[in-house]
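Numbering (our numbering), first residue to last: 1176 to 1458.
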Amino acid sequence: MPKVSSVIVPYAAYLRVYEPLAAFPDEERAHWTRYARRPGRPSYQDELRRSLADLLPTPPVAVPVHESADAFVTEVDGVVCVCPWRTRLRGWQALGEVAEDFPEPVLDALIPPVVRRQSAQDYERWLERNPDARPWIRTATWQVPINWFVLVSDAEREYDEGGGDEAATAPVLRYRTPMVQARRRVARGLRALREAVDEGPLIDGLVDVGRWLEEFHPRSLVELDYGGLVHALPAGELEADHSAADVAEGIEALRHGDGVAAGAAYGRLVERWRAVRDRRSAN
């Protein structure tokens, strides 16, 4: 395995699905079974560092040439579950969305048009052979999308304040929930939102994430991980962050027709994430 830097790479959050080994075809299942037994598996920071390193050559490597054979591994009630990185697929998808984040002159300087065109053509050919492909990981930079919090509850919140400057001892804030619970919360949240508000970005985002969850094994585990965003929030604010509770309170208020309480919950979310958005604007 290539050596990676110890530099911490912010600022992204992740929504991951861990599927039981039984959900994979035989050949892939055998690979992940062997992989799960390996010690010293790489972290999400390692994946980010490798991706950033690929952007340094001229021309940059916007999307890996080969698909990653790495995954995150966990155990749920004695069952080994894996979350494949699928870095190449996610790279293609991110490249298709990046035009929304940068003006064209800046984008051309970062990733030349010829590189983007070639990557898009490679992706189209790949999709013809893999029409049902989907990633196990969704990534959001400088934010945690509100619709992600709908999937989890405050009781599932896991916080570790860490103990140093290195990534291995950095704070951790995450939520883990069974797939059946996540799907149930999506359905309940959509009912409450559709009864209270017109169609909008929050509903559209929740519909999209709900459809994505339906692609996976019903005994999967869903994880919302703040990832590198823990470095964008002061320690005290991070420890006090109960955004999932605010979202649940807001949806419950809408269900009971209490617009004032729903607005107050939403206001707490906006205030909490304003500092993070301000940092993004400063960069």
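Glycine residues also receive a C-beta, built at the ideal position from the N, C-alpha and C atoms.
As the crow flies, the alpha-carbon of residue 1200 is around 27 angstroms from that of residue 1400. Beta-bridge analysis with DSSP links residue 1191 to 1312 and 1398. Between residue 1245 and residue 1214, the C-beta spacing is not below 8 angstroms.
Annotation: the continuous beta strand (DSSP E) that includes residue 1353 extends over 1347-1353.
For the pair of segments examined, the segment 1376-1394 was found not to touch the segment 1423-1439: the number of CB pairs separated by less than 8 angstroms stays below three.
Judged by their CB atoms, residue 1349 and residue 1333 are nearer to each other than the 8 angstroms cut-off. With the rule of 3 Cβ pairs closer than 8 angstroms, the segment 1414-1429 does not count as touching the segment 1292-1301. Per DSSP, residue 1272 lies in no beta strand (DSSP E) segment; the continuous alpha helix (DSSP H) that holds it begins and ends at 1262-1272.
About 6 angstroms separates the Cβ atoms of residue 1396 and residue 1256, confirming a contact at the 8 angstroms cut-off. A straight line joining the alpha-carbon of residue 1344 with that of residue 1307 spans about 38 angstroms. Residue 1262 is not a Cβ neighbour of residue 1299, given a cutoff of 8 angstroms. In the structure shown, residue 1325 adopts coil according to DSSP, grouped into three states.
Note that the C-beta distance between residue 1312 and residue 1235 is not below 8 angstroms.
Just so you know, the alpha carbons of residue 1253 and residue 1354 end up roughly 16 angstroms apart. Taken in chain order, the complete alpha helix (DSSP H) segments of 4 residues or longer contained in the segment 1212-1251 are 1219-1229.
Of the candidates 1335, 1283 and 1265, the residue whose Cα lies closest to the Cα of residue 1302 is 1265. Nearest neighbour of residue 1440 by Cα position, chosen from 1326, 1367, 1427 and 1205, turns out to be 1427.
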